[in-house]
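Contents: one structure, followed by commentary.
Protein chains in written order, with the numbering used here: chain A, 4 to 224; chain B, 5 to 291.
This is the structure in structure tokens:
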């Protein structure tokens, strides 16, 4: 039967083809998965570059009241790297999430005395020192590391408008009190009072990104 | 004597704590600042003035804001556009300006660099009238209740947080119970629960929600809903904040007692007040 060797050759050939195909598929898969990982890693890095200020912003002068009722002025924080967030305690969705990220940052910088966390209320008539102290306790705020500032509404809104956030005077019910936009952000202020960068306070990756930024700023003169 | 010892003990504790605390927080003391600015507006009562002021070193950036005066004559001869110098006095719990001097007329009252929040009302101020839709589908106004003390608060029916809207209506329920049970209490009072969720809280929804808190007795207590326009006009006057965030509704708590003439008698901020306090304010406001 002359067909037999042919059949055998054909079978061997098909086996070779199959093997080749498998290698191609494996290579393609490896390349695909690899580049997907690379792309994911890149985009992750992009997302956590943070957001630069819309213009040059410096921490303005202020004299406010902290959560234990003491006066807190800008001079109290001179030379510190500041991590700043915005809140009002009646806010049920955004603010607790941002405060959770702040608590995580507090935990990560627990040994860094050069860093101070500040949360500014936009609703000071409601957010009196005791109300802010209660909020702080809910998130495990360390009274030495994380202060909550209240005071005159005009002074707080003026400070936030000047130093941190833009305002949008469209729908009065579409933004946090004071018509601020970007209130979910966590701002990082360098030792000289320059607002350097914002991170999204609603993202889980933000605390690590803030700490990495602090590491960079600490090395600066 | 016991109190003094306790107080000293507290000071000691605070003193120790302060030494170990990282950020030095300056103690509250009376401070004065020399300030220069331009008058933007002076309300007829001459009790305060809106001033666009220069930077106050160590205290505040340049901005436009309201300052109060203790001596109403201090603002007597001033008008918008006047350049002034003055002394800002800041104590632990108050601040005011004095020694106001006219130094020139700039004529500039231009738009402030940032949006100045509309001043909110205080006790004694007449609350501008506002229109609502009641649980019965009728248009009602604050002015419909003249002659009665009116206590109103804000809520929305799908508010999930027990210490927010439900607490307000529960407190209203308790305050009503106190007043109904008191044979000496005046009869001219009205409770008003106002929803700021006009998209959902239509009259039928309000009526069935009202039943949860009011039971079968609707005496002295009405539920209503504010339109967006009513809310936009009313909210700044009461420092009421409502934020439609991501499909939810965040809001602070404002509960207000009006006297029989529609003037603000007392305001309860937040949720840290009792039904007895509210009942007491209603009694006093109705007199």
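Where is the CB? At the ideal position from N, CA and C, for every residue including glycine.
- Spanning the alpha carbons of residue 70(A) and residue 109(A) requires a straight line of approximately 17 Å.
- Within the stretch 140 to 195 of chain A, the runs of alpha helix (DSSP H) that reach at least 4 residues and sit entirely inside it are, in chain order, 156 to 166.
- Under the 10 Å beta carbon count, residue 165(A) is surrounded by 16 or more other beta carbons and is classified as buried.
- A check of alpha carbon separations from residue 219(B) across 150(B), 177(B), 229(B), 201(B) identifies 177(B) as the nearest.
- Among the residues of chain B, those whose CB is under 9 Å from the CB of residue 91(A) are 245, 247, 254, 256, following chain order.
- Chain-ordered, the chain A residues with CB closer than 8 Å to the CB of residue 236(B) read 175, 176.
- Contact between the stretch 227 to 235 of chain B and the stretch 130 to 138 of chain B is present: 3 or more CB-CB pairs across the two stretches fall below 8 Å.
- Remark: three or more beta-carbon pairs, one from each stretch, lie closer than 8 Å, so the stretch 91 to 108 of chain A and the stretch 132 to 139 of chain A are flagged as touching.
- Residue 220(B): not part of any alpha helix (DSSP H); DSSP gives it neither H nor E.
- The count of Cβ pairs closer than 8 Å, one atom from the stretch 281 to 288 of chain B and one from the stretch 115 to 128 of chain A, stays below three, leaving the stretches out of contact.
- Within the stretch 194 to 222 of chain A, no residue has its Cβ closer than 8 Å to any Cβ of chain B.
- Look at residue 135(A) here: in three-state DSSP terms it is helix.
- Interface criterion not met: the Cβ of residue 172(B) is under 8 Å from no Cβ in chain A.
- Beta-bridge annotation (DSSP): residue 35(B) is paired with 94(B).
- Measuring C-alpha to C-alpha distances from residue 247(B) to each of 175(A), 119(A), 33(A), 62(A) identifies 175(A) as the nearest.
- Between residue 87(A) and chain B, the shortest Cβ-Cβ separation is not below 8 Å.
- Residue environment for residue 56(B): buried (at least 16 other C-beta atoms within 10 angstroms of its C-beta).
- Within chain A, 129, 134 have C-beta atoms less than 7 Å from the C-beta of residue 274(B), given in sequence order.
- Beta-bridge pairing by DSSP links residue 41(B) to 57(B), 88(B).
- For chain A, none of the residues of the stretch 203 to 223 of chain B brings a beta carbon within less than 7 Å of one of its beta carbons.
- Sequence-distant partners of residue 184(A) (beyond 5 residues in either direction) whose C-beta falls short of 8 Å from its own C-beta, in its chain, are 168, 169, 170, 171, 178.
- The Cβ atoms of residue 36(B) and residue 107(B) do not sit closer than 8 Å to each other.
- Residue 269(B) carries a strand assignment under DSSP once its states are collapsed to helix, strand and coil.
- Rounded to the nearest whole angstrom, the CA to CA distance from residue 65(A) to residue 200(A) is 21 Å.
- Rounded to whole angstroms, the gap between the alpha carbons of residue 190(B) and residue 139(B) is 25 Å.
- Short of 6 Å from the beta carbon of residue 147(B), and not among the five residues preceding or following it, lie these beta carbons of its own chain, in chain order: 133.
- Under DSSP, residue 201(A) takes part in a beta bridge, and its partners are 54(A), 190(A).
- Residue-level contact by beta carbon holds for residue 95(A) and chain B, with a gap shorter than 8 Å.
- The C-alpha of residue 221(A) is placed about 25 Å away from the C-alpha of residue 62(B).
- Residue 48(B) is outside the set of residues whose beta carbon lies under 8 Å from a beta carbon in chain A.
- For residue 190(B), no chain A residue has a C-beta closer than 7 Å to its own C-beta; the minimum C-beta separation is roughly 30 Å.
- When secondary structure is reduced to three states using DSSP, residue 256(B) falls in the coil class, being assigned neither helix nor strand.
- At a cut-off of 8 Å between beta-carbon atoms, residue 53(A) makes no contact with chain B.
- With fewer than 16 other Cβ atoms from the protein chains shown falling within 10 Å of its own Cβ, residue 59(A) counts as exposed.
- Per DSSP, the unbroken alpha helix (DSSP H) holding residue 102(A) starts and ends at 97 to 111.
- Ranked by how close their Cα comes to the Cα of residue 61(A), the residues 219(A), 72(A), 214(A), 163(A) have 163(A) in first place.
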